[in-house]
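All remarks here apply to the structure that follows.
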Amino acid sequence: MKAPPRLQTLVEEGLIDTVVRQLMSGKEAMVFVVRCGDETRCAKIYKEATHRSFRQAVDYTENRKVKNSRSARAMAKGSKFGRQEQEAAWQSAEVDALYRLAAAGVRVPRPFNFFDGVLLMELVTDAQGDAAPRLNDVAFTPAQALQHHATLIGEVVRMLCAGVVHGDLSEFNILLAHIPGEGDLPGVDEPVIIDLPQAVDAAGNNHAQRMLLRDVGNLRDFFGQFAPELRQTEYGPEIWSLYQAGLLSNETPLTGRFERSTADVDMQAVLREIDDARDEEAARRLRMATAV
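Mapping of the sequence shown onto the UniProt record's numbering: position 228 corresponds to residue 228, and the numbering continues sequentially without gaps.
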């Protein structure tokens, strides 16, 4: 197909050879399948802030670092330059998170380049070599649901140990990739986590705990449709408690059980949590309505 204007620059720079087809158009970006030499990759074109439905909420951008003090001042003032810098910081957040998490061994698409607002990265595929489906488009047996849930809980832990909370993790932004077997061994399907522009710093963002609990809760609710016993688990509070205590590592055994403190309840904090949950449910319904 003819290269869209945003990809034409990458063609001219020799970063991609041809554009094969559009893969998807979501709330924050459009993704195209492209050819780079002998490899098939994908190119993610970020939409401008005025053309996407996902808001750059303060909860996500809190404590994000910027390159220099001039940019920080402009972003605080909300000037035209500041909005441009904020947009650039929003886009580069996913790039930074991908490199950071890939280095930590988290299952994410391998990034190759970021140029002029376009992220060039690995195309995650199924057993036939086509684009891998999202979890939302797949039905699982109870055994498969338990296996993939356990894998993703491990990935959440690995991300947290690398200092990152996804912030919007659900069945809509996890792909089911096929990993070929070696020799005579059969291949296996493994989840791959995508869409990280809203990733937050676990230690520097005051909302990180709430976001992690929501991420883990989304996994529980989705896989609990296929393996109902998962609905009784509380991996989120357990993981965060271990993290706060400095006891969490990639090898830490988890039980899915958590005993809450019997100390006096902060009713104002409870009311804030209720308001946050209401907002999150509205955002989730919006994601489902706009999912492709």
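Glycine residues also receive a C-beta, built at the ideal position from the N, C-alpha and C atoms.
First through last residue of the beta strand (DSSP E) which encompasses residue i
i	result
Glu-122	118 to 122
Thr-9	No beta strand (DSSP E) holds Thr-9; the alpha helix (DSSP H) holding it covers 5 to 12.
Local conformation of residue i per DSSP, three classes
i	result
Met-211	helix
His-149	helix
Asp-189	strand
Glu-94	helix
Glu-281	helix
Asn-173	helix
Pro-111	strand
Ser-25	strand
Asp-201	strand
Val-216	helix
Glu-238	helix
Asp-276	helix
Val-164	strand
Met-30	strand
Glu-155	helix
Ala-131	strand
Arg-35	strand
Ala-245	coil
Gln-43	It is worth fixing the name first, because residue 43 is Ala in this sequence and not Gln. Strand, per DSSP.
Supposed contact pair residue j and residue i - C-beta distance, whole angstroms, cut 8 Å
i	j	result
Glu-28	Val-106	Actually they do not touch by this definition, with Cβ atoms about 20 Å apart.
Ala-177	Val-124	5 Å
Leu-169	Ala-202	Going by Cβ atoms, the distance from Leu-169 to Ala-202 rounds to 13 Å, so no, they are not a contact pair.
Own chain residues within Cβ distance below 7 Å of residue i, not counting five before or after
i	result
Arg-134	Glu-171, Phe-172, Ile-174, Leu-175
Arg-110	Ala-102, Met-121, Glu-122
Asp-276	Arg-210
Pro-197	Glu-28, Trp-90, Gln-91, Ala-93, Glu-94
Asp-184	none
Arg-55	Here Arg-55 scores only 47 on pLDDT, less than 50, and its place in the model is too uncertain to base an answer on.
Ser-142	The question names Ser, yet the displayed sequence has Pro at residue 142. Hits under 7 Å: Phe-226, Ala-227.
Asn-113	Leu-15, Leu-120
Contact set for residue i: own chain, Cβ-Cβ below 8 Å, skip 5 residues either direction
i	result
His-149	Leu-219, Arg-220, Phe-223, Ala-227, Leu-230
Leu-7	Ile-16, Val-19, Phe-32, Val-34, Ala-43, Ile-45, Val-118
Residue i burial status per 10 Å Cβ neighbour count (16 or more: buried)
i	result
Thr-233	buried
Pro-191	buried
Leu-247	exposed
Pro-180	exposed
Met-1	exposed
Val-200	buried
Glu-13	exposed
Leu-286	exposed
Arg-41	buried
Neighbourhood of residue i by C-beta, 6 Å cutoff - its chain only, sequence neighbours within 5 removed
i	result
Pro-237	Phe-258
Ile-16	Leu-10, Val-34, Cys-36
Asp-215	His-166, Leu-169
Residue i, enclosing alpha helix (DSSP H) - first and last residue
i	result
Glu-48	Careful: Glu-48 lies outside any alpha helix (DSSP H) and carries neither H nor E.
Leu-230	Run containing Leu-230: none; DSSP gives neither H nor E here.
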